[in-house]
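A.B. asks:
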Amino acid sequence: MEFFLIFLLSYIAGSIPFGLLITKLYGYGDVRNYGSGNIGATNVLRTGSKKIAFLVLLLDFLKCYLPIFVALIYYNLNIAGFCGLLSIIGHIFPIWLKFKGGKGVACFFAFLLAINPVFFVISLIIWIAVAAISKYSSLGSIISVISSLFLFLIYEHPINIVIPLTIIILIIFKHIDNIKRLIKNKENKINLK
1 MEFFLIFLLS YIAGSIPFGL LITKLYGYGD VRNYGSGNIG ATNVLRTGSK KIAFLVLLLD
61 FLKCYLPIFV ALIYYNLNIA GFCGLLSIIG HIFPIWLKFK GGKGVACFFA FLLAINPVFF
121 VISLIIWIAV AAISKYSSLG SIISVISSLF LFLIYEHPIN IVIPLTIIIL IIFKHIDNIK
181 RLIKNKENKI NLK
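Take the sequence shown: its position 154, counted from the start at 1, is 154 in the numbering used here, and no numbers get skipped.
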């Protein structure tokens, strides 16, 4: 029963739709009516407010980081990793929005920071480099997420590989439309300045 409650709370924390709540709170309306229709920070940036986008990024990050952090204190690495997986599932498939949420990238970076800060730094550098060079946030996300899998495999991280692999598959799945637009050269570019 204890684990069920911890896992349920991890999902619920992840399912809080900060992108939607914050844009409405600041008078921008429903963020799903902008750009890609996504509730994540990249789409919030398309409202024109970098401050609100940063706030959403921070809150999305924390809602996934905190359940892992707490679970690492009281339980083992795999329980904490599973809490992270459920937080990310909550973000991607929130019950409050008919299971239509974000793409999970900020949450995955929170997962990496909690599980292995070195993997977080390497993956973040990859994301920044790819996004800065290509001007595609989605391409940076896809490449950094896939690269992180190699980090888990090469360095034989003690977490059960099924956990990060499942997260990576979910994130790539959520980027299918982005991949199609990238192939057709129709993907939205970002401005990192």
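All C-beta atoms in this analysis are idealised placements derived from N, C-alpha and C, irrespective of residue type, glycine included.
Closer than 6 Å by C-beta to residue 172: which residues in its own chain qualify, once you throw out the five before and the five after it? Chain order, please.
C.D. replies: none
A.B. asks: Check each candidate in 58, 153, 126 and name the one with the smallest Cα separation from residue 143.
C.D. replies: Residue 126 is the option with its Cα nearest to residue 143.
A.B. asks: Helix, strand or coil for residue 30, going by three-state DSSP, please let me know.
C.D. replies: Coil.
A.B. asks: Of the residues 176, 61, 138, 170, which one's Cα is nearest the Cα of residue 120?
C.D. replies: Considering only alpha carbons, the answer is 61.
A.B. asks: How long is the line joining the alpha carbons of residue 104 and residue 170, rounded to whole angstroms?
C.D. replies: Rounded to whole angstroms, residue 104 to residue 170 spans 8 Å at the Cα level.
A.B. asks: Can you give me the C-alpha to C-alpha distance between residue 216 and residue 10, rounded to a whole angstrom?
C.D. replies: Here the chain covers residues 1 to 193 and nothing more, so residue 216 does not appear.
A.B. asks: Starting from the C-beta of residue 137, find all residues in its chain whose C-beta is less than 6 Å away, skip the five residues before and the five after it, and write them out in chain order.
C.D. replies: 42, 131, 190
A.B. asks: Under the three-state reduction of DSSP, which class applies to residue 43: helix, strand or coil?
C.D. replies: helix
A.B. asks: In chain order, what residues of the same chain have a beta carbon less than 7 Å from the beta carbon of residue 157, not counting five sequence neighbours either side?
C.D. replies: 116
A.B. asks: Got a sec? Which residues, its chain only, sit under 7 Å from residue 194 by beta carbon, not counting five neighbours each side?
C.D. replies: Summary: the structure shown does not reach residue 194, with the chain confined to residues 1 through 193, and so no result is reported for it.
A.B. asks: Please classify residue 108 as buried or exposed, where buried requires at least 16 other C-beta atoms within 10 Å of its C-beta.
C.D. replies: buried
A.B. asks: For residue 196, tell me which candidate among 76, 44, 65, 70 has the shortest Cα-Cα distance.
C.D. replies: The structure shown does not extend to residue 196, since the chain is modelled only from 1 through 193, so no value can be given for it.
A.B. asks: Straight-line CA distance for residue 114 to residue 35?
C.D. replies: 31 Å
A.B. asks: What residue ranges within the stretch 36 to 92 form continuous alpha helix (DSSP H) runs of no fewer than 4 residues, ordered along the chain?
C.D. replies: Note on the stretch 36 to 92: whole alpha helix (DSSP H) runs with a minimum of 4 residues are 41 to 45, 50 to 74, 77 to 92, in chain order.
A.B. asks: Within this structure, are the beta carbons of residue 83 and residue 68 separated by less than 8 Å?
C.D. replies: yes
A.B. asks: How would you label residue 6, buried or exposed, when you count the other beta carbons within 10 angstroms and need 16 or more for buried?
C.D. replies: buried
A.B. asks: Do residue 92 and residue 111 have their beta-carbon atoms positioned less than 8 Å apart in this structure?
C.D. replies: no
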